[in-house]
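Engineer: Count along the sequence shown from 1, then add 8; that gives the number in the numbering used here.
Note that the Cβ used here is the ideal one computed from N, Cα and C, for glycine as well.
All figures in this text were calculated on a predicted structure; none of them were measured in a lab.
Okay, here's the structure, questions in a sec.
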Amino acid sequence: MPLTTRYRDLGGWNYESVLDRQGGTRVHTTGGNDWLTNQAMNREGRYGDIKDVGINVQLDDAHTLTAKLDIRKPGSAGGSRSRYVEAIKFPTYSGAFLGRNGFYDLPATSSIAPAIYQMRDKSFWVTGQAITEVTLKDIQLHRQNDDGTKTLVRDYSIVVTDAESTNQNESLNWTTTGTPFEWLPNIPGGTGKAQVMGNACTNYSPALNSKSTTASCVGGPTTDRTGTPMLHTAPGDGEFTITTTMTGDGRQGIAFGIITARAQVNVDVEARVLDSNGQPRTVEDFAASMEILDDTTTTTTGTSNQNSTGPRTNTVSGSGNPVKFDTSVTGDHAESYSPSWTCTKTDVEGTEQILWPQSGDDSTKPPPAKNPGDFAWLMPGEFIDCTVTYKPSYLTLAKDVDNGDTDATNGPPDFSLRAEGTAESSEHNAVSVVETDGANPEDAQRFPVTVGRYRLSEDWSDEQSAENWPHGYRWTDLTCRDGNGDKISDTELDIKKSDDGAIEEVTLLMSPTNGHTAAQRDISCTYSNEALQPHLDISKSSDVDAQHLAESGQDVEYTLTFDNSEGTAPIAADHIDHLRDVLDDAHLDFDSITSENLGVEFIGDADTPRLHITGTVGAGQTQRVTYSVTVKSQEEDFEQRERADGPLTGYVLKNFLTSRLDSNGDEITEPEACPDPGIGETSKCATTEDAISAWTVHKESFPVDGARLNYGGNTHYVLSAQKLNDETEISNLQFHDDLTHVFKSAGWDPAAPVPGGAKPRGIYFIDAKGNTLNANGEINGDAAAPQPAYGADAVGEPIQRNGRWILESQIIDNVPTNAVTTQMWFAVEAGQQTNSDIPGLEAWGGQRPATGSKYVNYGFASGSTEPVQCGLPETAPDVSTAPDDAQPADQHVAEACRTQHEVNSGHFTIRKDAVGTGIDVPNGSHEQDIYGDSSNGLWNLVGHEFEIRDDVNGQPSENPSRYLCRVDYRPDQQWDGTFTEHPGDRSLDDWDAGAGDESETLNAIRAWNNDQDNVDDPRYPLPECGVFNPQPDDSGGQSGRYRGMNLQPVLGPDEQGEPRDFWLVETKAPTHQMSLDGSQKRSIPAVQTLAEPIAFTMWPSHDGEHIEGPAFYGKRQLDVRDDNGTYLPRCGPGDPATQRPVACVNATGYLMLVQDTVPPALPLTGGQWLGIVTTIGTILVVIAVIGIGLKRRYDGKTQLS
C-alpha cells in the first residue's frame, strides 16, 4: 500500500510516516505480477473492480498494520472508458505541494512510489467523469508481544491527503467510520487556511476548527499549490474503514499515511498579574516547546492570550524516542510566574491513561525523558499530552470584624482593603495594586500579583459605613499565611503598631522561594478589626478605715475614679456626685478639690448640693477627682441628723456618683441605691457609705409623755440607747434614771401589770426587724412576745443618794452588734404605793398626792463613748419644783431626756380593737412594731364615734347620759345641780361633753365654784358634769381613744355612793388604726361598728370591795356586765385580741377594751393598704357589712364570756 513519506515544512517541523515496501513498483495491466495486475485491470477496455485485497505492512519490529483494499470505478456502470490506476513515485507533479521536491524527505535513489494515481487518457476524455473510489477497510494495528501474542493498538491515526493537484472540475471526497476527520496543518501550529492547506482547495469541508466523518476538497484554477488538504482519523468503536473518491478530468493522486505516536504541548496562563491600575498586565509572553528526533515544536500565548496548543504527530522507532519539553517567559515580571506541569499518557490500546505526576498534583519541571520507561519516552501507539500552566503569585485580602459585646453592626463589606506595590524591595519591584471590598476569609477573592514588597492598608468602603458606629474601629492584627497554612515570617511581614495596639503600617514581601527563580506564592492576609467602645467604670472610695466608721471632726477624703482602662475609645465624662447625704453630716472643703484632667464644678443649693464632673477620659486611661469633707461634731444639727430613714440619713456619710443624664436625656436625681450592673456591664453608679460613730438616748413612757393617770395607774418608763447607724459600737453601757421628782407623786411598782405596748422590767436588745435578742445577739423573741436579755435584777431598784432617788442599771460590757436599740423598762404607780415601800408614805407626809399632781422623770446613759444627747449631765436636774407647779420640769434638760405625767381621778379610757383575719405583715416589716398588730387582730382603731348612755330598765337610753355636760347645766341657766333626762327632742347640739376639758359647760361650772361670791348660794358647790371625747392627735399612743371623766362624783368620807350603770353605743365604724406612739395612722377598710351596745358599771369613789391586785369595786373603776348583770373578769390590754372577749376592763379598772370582728382580709399585699377599692369590690364589701350587721342584730346579743 502506498503511504506518505516523511514530510516537513521549511520551518523545521517534521512529520513521519511509514512507507509501504510494495509501493515502489510501477504497475500496468499489461504486465507485472503484483496486486494491481492480479486484479486483471485492462487499460484498453472497461475495467472491473478489485475487492478485499489484503494489506500487511510491517511498521517496525513490533507493530504491523493490516487492512483490506477495494478499488472501484463507479463510471463503468455508466459506460465510461476505464482509466487505469497507477502507483507513482515522488515527485509526482511540479505544481503539487505534497508530491514535489522540497516538502518531502525521500531519497532521490528510492524507488518507492507512495501515491495512487487515477491516470488520464485523452482517447477516453469525458469531462468530469473520471471517478475512482479507493477504500481501506478492516484497518487494524497490532503489537507483537514477547510471548508471541498480539495486542490490538487503538491510539493511532490514518492520514488521507492529496498527493498531486486538484484543479478545475476536480475534487476529492473522504468518509470514515472512525473518529471525525481533523485537519492536519501543512504548517504545524497554524489555524488559518494558508497554514492548513494553502491554496489547494477552493471549497472544503469541514470548517478548519470543526470535525466531521466526511470531508471534501474542490479544486480551482490550475496553479502551483502552496498547500495540500491533509486530514487524519482514528479508529472508532467498530470496524475502521476509510473511503477516498477522486473525481476529475484526468490525473488525480492520493496518498495514505499512519501516525503511530503523538505528542502535544499546551500553554495555559492561570491568571495574568495585575498592573498598577489593578488590571491584568499584557506584557509577558508565555511559551512551551517539545523536541522529538531533533525537531522542535513551540507554541506561545502572545502578550494577551491565556493559552495556546502545539500538537506533534510522529512515527517513532520500535523502542521509542524521548520527547523533551521546555518553557520560557519573556517580559519584565517573568519571575512572578511559576511553571506547573501536568501530563497524561494514553497507552497503545487507548484504554488507560497514566498521570504525571502520579500523585495528580503538578510539578515545576517537565516529565523526564532520559531513559526508556521514563514518562516522556514515547513508544509507538502512545499519546503524550502535557500542559504547562504558568501560575502567578496570589494575594488574598480578607476581613475579620469583631463587634464583641458592642452594638456595632459593621461587617467585612463595610471596609475597603488595599495592597499597593512599592519599590522597597532590592530584588523585585512590585507593581500590582489590589483594591477590594472586605470579605470573610472563606469568601475573599484571590488576586494575581507581581512579586515584591507591598504596603497594606484599609479604609471605609463608603461614608455610611464610617458613620454606622460612632466610636469607630481599630485595626488590631494582620495574619498572613501561605498556601500550606504556615504563618509568613517576620522578615517578610513587617507590622508597626501604635501604643494602644492599633496597626499603623504594614509591608509584605511577596518573594520567590528560590531567589530570582520564579516560584508561586499564595498568601492570604486577614485584617482583624475590633469595634472601639469606651468601657467607663466609675467608682468612689473614701479613706475611712476598713470598718467604714468615721469619727466626729475627722477629715474624710473621697476619690472619684473614672476608669476607661479597658475601653478602646475615648468617652466624655458628664457625671454628678450627689452630696446631699454627706453634707448633712459634714462640711465640704472647697480648696481640697483636685483633678487630673477633668473639670469639677459645685452646683445646686443647700437642698441639692452636687459636684459636676466633665471632660474626656481617653482610651485606656483612668482619671481621678479627689476632695475632702470634715465630719460635723455629734451635737451639730442633731435634730435634723437623727432621722431614721432617707433621703437624709443622719450620722451616715452616703452619696452617689452617677451620670448626669439617663438614656432618655433626662437629668438623674439622686437614687436610693445603686443597681447592680449586669454581667460584663460597666458600673454606671457608684456609692460610698461610711457611718459616723454615734448613739443617742431617749426617755419615753407608756402612756406617753403628758398623759394623765388615775390613782393606781402605772407609768411604764423606757430609757433607750439607740445606735444612729449599724456600725456604731456601744460598750460599758449603763442607764441612769433620776426618780426624785417622780417619787413626789408616784411610787416604785416592780409588780406593775404590763399593758400592750409596754415591756416587763428588764433590759432588752432589739434588732432592726423588731426582734429581741439575748446577750449573745441571738433572737429570743419578737415584737409580739418580747424577751429581755437581762431580767429585773439588771435594772435593780432605785436608791437614795445625796437626797436623790437614783436608778442605775448594771453595766453592759458590749451591746451586740446586731442590736439597734437597747432599752431599760420599769414602772411606777401614780398617787400610791401598792407594791413597794419606795419612797415610803412618809415622803408624802402620810397623804396621797392630790389630783393634778405632776411628776417628772429624767433619764440618762453613759458608755465608753458619750451619747449625742442624754449623757450624764454635769449638773443634776432641778427637782425642787412642787408637783402642782405649772411647769415642774427642769427646762435645762432636753425634752428627749424627760417625761411628765399627771395624777388624776375619775377618768377612764376606751380603746377599740378588732379581731379576725387581720393583716399579714411581711417578713422584715416594721409595721408590727409600729401598730402592735398581728395576723390575729388589730389594736387601737380610731375614727369611730362612741356615745355613753344611761341604763333604763336594762336598755340604753335614747339620749346621751344625763351625767354628760349639756348647755342647760350651765350655772347661768339656773341649774340646781340635779342631773336629769334631756327634757326635749334629741339634739346633739345640746351636749358639749365631746369637747372634753374644753367643754364650755364644765368650765362654766368650775368658774362658778371658784367664785367666792357663790359660796352662800344654796346650789354651791355645783357638781361637775361629765365629758366623753376622743383624745386629740397630739396625745401620743392615746390619740383617737375615747376618754371619759366625772361620770361618778368624788364622795366625802361620810357620803355613801352607788354604782352607776351605763351603755357604750358605737354610732360610727372606725376608719384608721393609730400607731402605738400616736405618730402615724393607716386606713383600715371594712371594719364595722359594734354589733351590740356594751353594758358597763362605774363604781363610786370609795375603795369599795377589793377584788385582787389593783382591782376594786370602787375607786371609780369600771367593769363590764354581761346579759345577766354579772361582771366579767378583768383582762390584760396586751393580750392578743383573740384571747379577749368583746369587751373587758384592765386590772386597774380605768381602760375598757372593746373589739369587733373584721371580714376576711381583702386581697391587699404585705401590710400595704389600698386607699380605694374597685367599684364592684366596694359594693360587695358594703353588702357584706350590712348582712353581717343585720344577722347579729337579729340573732340576739353577743355572748360575752
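(1) Could you please give me the residues that DSSP links to Val1223 through a beta bridge?
(2) Could you check what DSSP says for Ala835 in three-state terms: helix, strand or coil?
(3) At what residues does the beta strand (DSSP E) containing Leu949 begin and finish?
(4) Are any of the Cβ atoms in chain B nearer than 8 Å to that of Ile771?
(5) What would DSSP say about Phe868, mapped onto helix, strand or coil?
(6) What is the DSSP secondary structure of Cys682, reduced to helix, strand or coil?
(7) Which one or two residues does DSSP pair with Cys878 in a beta bridge?
(8) Leaving out the 5 sequence neighbours to the left and right, which residues in its chain are closer than 6 Å to Val726 when beta-carbon positions are compared?
(9) Would you mind stating whether Leu747 and Asn865 have Cβ atoms separated by less than 8 Å?
(10) Just curious, the alpha helix (DSSP H) that Glu141 is in, first and last residue?
(11) Tell me the DSSP secondary structure of Ile738 in three-state form.
(12) Can you name the start and end residues of the beta strand (DSSP E) that Asp276 belongs to?
(13) Go ahead and pull the three-state DSSP assignment for Gly534.
(14) With a CB to CB cut of under 6 Å and the five nearest residues on each side skipped, what residues in its chain are close to Asp410?
(15) Using DSSP bridges, identify the partner residues of Trp703.
(16) Since Leu1010 is in the alpha helix (DSSP H), which residue starts that stretch and which ends it?
(17) Using beta-carbon positions only, say whether Leu732 and Trp703 come within less than 8 Å of one another.
(18) Quick check on Thr372: does DSSP put it in helix, strand or coil?
(19) Quick check: what's the CA-CA separation for Val950 versus Pro1057?
(20) What are the boundary residues of the beta strand (DSSP E) that Glu471 is part of?
(21) Counting only the same chain and skipping the five closest in sequence on each side, list residues whose C-beta sits under 6 Å from that of Asp60.
(22) If contacts are defined as beta-carbon pairs under 8 Å, then Lys1231 and Met1082 qualify, I think. What distance do you get, rounded to the angstrom?
(23) With which residues is Cys351 paired in a DSSP beta bridge?
(24) When the Cα atoms are used, what is the spatial distance from Gly764 to Asp984?
(25) His36 to Gly256, Cα distance in whole Å?
(26) For Asn285, does the count of other Cβ atoms within 10 angstroms reach 16, so buried, or fall short, so exposed?
(27) Quick one: measure Cβ to Cβ for Thr630 and Asn572, integer angstroms, because I've assumed they're closer than 8 Å.
(28) Going by DSSP, which residues form a beta bridge with Asp551?
(29) Where does Pro1168 land, buried or exposed, given buried means 16+ other C-beta within 10 angstroms?
(30) In the DSSP assignment, the beta strand (DSSP E) including Lys76 goes from what residue to what residue?
(31) So, with DSSP's three-state summary, where would you put Arg588?
(32) With a CB to CB cut of under 7 Å and the five nearest residues on each side skipped, what residues in its chain are close to Ile1196?
(33) How is the alpha helix (DSSP H) around Gln648 delimited, first residue to last?
(34) I think Thr622 touches Leu606, with their Cβ atoms under 8 Å apart; what is that distance to the nearest whole Å?
(35) Less than 8 Å between C-beta atoms, sequence neighbours within five positions excluded: which residues of the same chain meet that for Asp615?
(36) With H, G and I counted as helix, E and B as strand and the rest as coil, what does DSSP make of Trp756?
Structural biologist: Looking at the atomic coordinates:
(1) As shown, the chain starts at 9 and ends at 1209. That puts residue 1223 outside it, with no answer to give.
(2) The residue labelled residue 835 in the question sits at position 827 within the sequence shown. Of the three classes helix, strand and coil, the one that applies to Ala835 here is strand, per DSSP.
(3) Position 941 of the sequence shown, counted from the first residue, corresponds to residue 949. Residues 945 to 950.
(4) Judged by its chain identifiers, the structure shown contains no chain B, having just a single protein chain.
(5) Mapped onto the sequence shown, residue 868 falls at position 860. Phe868 falls in the strand class under three-state DSSP.
(6) Position 674 of the sequence shown holds residue 682. Three-state result, Cys682: coil.
(7) Working through the sequence shown from its first residue, we reach residue 878 at position 870. None, per the DSSP bridge assignment.
(8) Here residue 726 is taken as the residue at index 718 of the sequence shown, counted from 1. For Val726, where only same-chain residues beyond five positions count, the Cβ hits under 6 Å are Glu708, Gln831, Trp833.
(9) Position 739 of the sequence shown holds residue 747. Position 857 of the sequence shown holds residue 865. Yes, they are a contact pair.
(10) In the sequence shown, the residue the question calls residue 141 occupies position 133. Counting along the chain, Glu141 falls outside any alpha helix (DSSP H), though it belongs to the beta strand (DSSP E) covering 138 to 152.
(11) On the sequence shown, position 730 is the one that residue 738 refers to. It is coil, neither helix nor strand.
(12) Position 268 of the sequence shown, counted from the start, is the residue given in the question as residue 276. 269 to 277 is the extent of the beta strand (DSSP E) around Asp276.
(13) For the purposes of this step, residue 534 is identified with residue 526 of the sequence shown, where counting begins at 1. The amino acid at residue 534 is misidentified as Gly; the sequence shows Thr. Thr534 falls in the strand class under three-state DSSP.
(14) Position 402 of the sequence shown, counting from 1, holds the residue named residue 410. Excluding positions up to five away in sequence, the list reads Glu538.
(15) To locate residue 703, count along the sequence shown from 1; it is residue 695. According to DSSP, Trp703 bridges with Lys731.
(16) Here the question's residue 1010 lines up with position 1002 in the sequence shown. Counting along the chain, the alpha helix (DSSP H) containing Leu1010 begins and ends at 1008 to 1018.
(17) Translated into the one-based positions of the sequence shown, residue 732 becomes position 724. Translated into the one-based positions of the sequence shown, residue 703 becomes position 695. Yes, these two residues count as a Cβ contact at 8 Å.
(18) In the sequence shown, counting from the first residue as 1, residue 372 sits at position 364. Residue state, collapsed to three classes: coil.
(19) Within the sequence shown, numbered from 1, the residue matching residue 950 stands at position 942. Within the sequence shown, numbered from 1, the residue matching residue 1057 stands at position 1049. Distance between the alpha carbons of Val950 and Pro1057 is about 28 Å.
(20) Walking along the sequence shown from the start, residue 471 turns up at place 463. Looking at the DSSP string, Glu471 is not in any beta strand (DSSP E); the run it does join, the alpha helix (DSSP H), is 471 to 475.
(21) Looking up residue 60 in the sequence shown gives position 52. Excluding sequence neighbours, Asp60 sits near Lys76.
(22) No answer is possible for residue 1231: it lies beyond the span of the chain, which begins at 9 and ends at 1209.
(23) In the sequence shown, the residue the question calls residue 351 occupies position 343. Trp364, Cys394, per the DSSP bridge assignment.
(24) What you label residue 764 is simply residue 756 of the sequence shown in a count that begins at 1. What you label residue 984 is simply residue 976 of the sequence shown in a count that begins at 1. Their backbone Cα atoms lie some 43 Å apart in a straight line.
(25) Numbered from 1 along the sequence shown, position 28 holds the residue referred to as residue 36. Numbered from 1 along the sequence shown, position 248 holds the residue referred to as residue 256. The pLDDT assigned to His36 is 27, lower than 50, so where the model puts this residue is not dependable, and the model offers no usable value.
(26) In the sequence shown, the residue the question calls residue 285 occupies position 277. Burial call: exposed.
(27) By 1-based counting over the sequence shown, the position of residue 630 is 622. By 1-based counting over the sequence shown, the position of residue 572 is 564. Confirmed, Cβ separation roughly 7 Å.
(28) In the sequence shown, residue 551 corresponds to position 543, counting from 1. Looking at the DSSP assignment, Asp551 forms no beta bridge with any residue, so it has no partner.
(29) In the sequence shown, the residue the question calls residue 1168 occupies position 1160. Confidence in Pro1168 is poor, its pLDDT being 46 and thus under 50, which makes the residue's placement unreliable; the coordinate value appears in the next sentence. Exposed, by the Cβ-count rule.
(30) Position 68 of the sequence shown holds residue 76. That run of the beta strand (DSSP E) goes 71 to 80.
(31) Your numbering for residue 588 matches position 580 in the sequence shown. Looking at Arg588 - three-state DSSP - the assignment turns out to be helix.
(32) On the sequence shown, residue 1196 is found 1188 positions in, with the first residue counted as 1. With a pLDDT of 27 at Ile1196, under the threshold of 50, the predicted position of this residue should be treated as unreliable, and no value is reported.
(33) Counted from its first residue, the sequence shown places residue 648 at position 640. Element bounds for Gln648: 646 to 649.
(34) The count along the sequence shown starts at 1 and reaches residue 622 at position 614. The count along the sequence shown starts at 1 and reaches residue 606 at position 598. With 8 Å as the limit, Thr622 and Leu606 qualify as a contact, their Cβ atoms being about 7 Å apart.
(35) As a position in the sequence shown, residue 615 is number 607, starting the count at 1. Once the five neighbours on either side are set aside, the close Cβ partners of Asp615 are Arg588.
(36) Here the question's residue 756 lines up with position 748 in the sequence shown. Reduced to three states, the DSSP call for Trp756 is strand.
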